[in-house]
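The structure appears right after this line, and notes come after that.
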Amino acid sequence: MMDDNLCIFAQTAPVQCGREKSMGLDFRYKKLGYVALNVTDVAKSAAFYENMVGLDPTGEGKDGCRFFRCSQDHHNIILYPARTGGLKRVGWEMEDDRNLDMAFEHFTEIGLKPHWLDAAEAAALFQGRTFRMTEPNTGATFEYYAQITQLVPPYSQKITKIARLGHVVFSVADFDSAVKFFTGQLNYKVSDYISGVIAFMRCFPNPYHHSFAIGKANENRLNHV
Numbered sequence: 014m015m016d017d018n019l020c021i022f023a024q025t026a027p028v029q030c031g032r033e034k035s036m037g038l039d040f041r042y043k044k045l046g047y048v049a050l051n052v053t054d055v056a057k058s059a060a061f062y063e064n065m066v067g068l069d070p071t072g073e074g075k076d077g078c079r080f081f082r083c084s085q086d087h088h089n090i091i092l093y094p095a096r097t098g099g100l101k102r103v104g105w106e107m108e109d110d111r112n113l114d115m116a117f118e119h120f121t122e123i124g125l126k127p128h129w130l131d132a133a134e135a136a137a138l139f140q141g142r143t144f145r146m147t148e149p150n151t152g153a154t155f156e157y158y159a160q161i162t163q164l165v166p167p168y169s170q171k172i173t174k175i176a177r178l179g180h181v182v183f184s185v186a187d188f189d190s191a192v193k194f195f196t197g198q199l200n201y202k203v204s205d206y207i208s209g210v211i212a213f214m215r216c217f218p219n220p221y222h223h224s225f226a227i228g229k230a231n232e233n234r235l236n237h238v
């Protein structure tokens, strides 16, 4: 759902998994929280997301970013002014602070060098304690938090029937290594898989079919949201 190279919000159905248990890794996600995009024309992109996609604008940051939502979360999409368009980062919401700390500890142990945002930066994102790390297979910045401001009234579907921020999809050069890393170290579960082509995954134990996918390509890049 990116303006001139647009991405889509998915409305996939839940996987019937009950109280699913993870093998090996203990930290638990709640959902894909938000995607932050770099855009070359913030005003034009903001108009697209509000008037064509139907997202609710929820404010502007001091750095000129624009916040949008398709849920009760303060934001599900953030647009940042930049010279070159593309992905800035992906935010993942954990079940609670305990799981946030467990993820931080695990990522530290495997050498990903996660770092906490200072309180002011997290507050500017309307989030609680927040950390970031660089995912080594895609080169993408991943952000993790357990608390985000909730807005009222609820998001209303005005233009398109958006149910939620459905998924983010990456194209990667080393497909097999990426799938192995996301399932073995980041606690994602494969929902569907076409060998050597694409893997649809969900952040454990999110019940929807996929919140993330990886497709094989010649280079690493964002495919769509």
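One gets the working numbering by counting positions in the sequence shown from 1 and adding 13 to each.
Note that CB positions come from ideal geometry on N, CA and C, so glycine has one too.
Endpoints, the beta strand (DSSP E) within which residue i is located
i, result
"His237", "234-237"
"Val48", "42-52"
Limits of the alpha helix (DSSP H) - the one that residue i falls within
i, result
"Arg111", "110-122"
"Val55", "55-61"
Three-state class that DSSP yields for residue i in the structure shown
i, result
"Lys229", "strand"
"Ser204", "strand"
"Ala191", "helix"
"Val185", "strand"
"Gln24", "Residue confidence is low: Gln24 scores 34 on pLDDT, short of 50, so the model does not pin down where it sits. Its coordinate-derived value is still stated next. Of the three classes helix, strand and coil, the one that applies to Gln24 here is coil, per DSSP."
"Lys34", "Residue placement at Lys34 cannot be trusted, given a pLDDT of 43 that sits under 50; what the coordinates show is reported in the next sentence. In this structure, Lys34 counts as coil in the three-state DSSP scheme."
"Asp16", "In this prediction, Asp16 scores a pLDDT of 44, lower than 50, which makes its location untrustworthy; the coordinate-derived value is nonetheless stated afterwards. Three-state DSSP puts Asp16 in coil, outside helix and strand."
"Asp86", "strand"
"Pro220", "coil"
Bridge partners - residue i, DSSP secondary structure assignment
i, result
"Leu92", "Leu50, Arg79"
"Asp5", "A query on residue 5 cannot be resolved here, the shown segment of the chain reaching from 14 to 238 and no further."
"Phe213", "Asp205, Ala226"
"Pro70", "Phe81"
Would the stretch 101-117 and the stretch 145-162 be scored as touching if the rule is three or more Cβ pairs under 8 Å?
yes
Runs of beta strand (DSSP E) wholly within the stretch 97-181 (minimum 3 residues, chain order):
List check, beta strand (DSSP E) in window: 99-107, 143-147, 154-158.
Are the stretch 179-192 and the stretch 129-136 in contact at 8 Å, needing three or more beta carbon pairs?
no
Using 8 Å as the Cβ pair cut-off and three pairs as the minimum, do the stretch 81-95 and the stretch 180-188 touch?
no
Check whether the stretch 115-131 touches the stretch 172-185, taking contact to mean three or more Cβ pairs, one atom from each stretch, closer than 8 Å.
no
Would you be able to state if there are at least three C-beta pairs under 8 Å between the stretch 216-228 and the stretch 166-176?
no
Any 3 or more C-beta pairs closer than 8 Å across the stretch 62-82 and the stretch 142-152
no
Does the count of Cβ pairs from the stretch 90-109 and the stretch 49-65 closer than 8 Å reach three?
Note that the stretch 90-109 touches the stretch 49-65; at least 3 beta-carbon pairs, one per stretch, sit closer than 8 Å.
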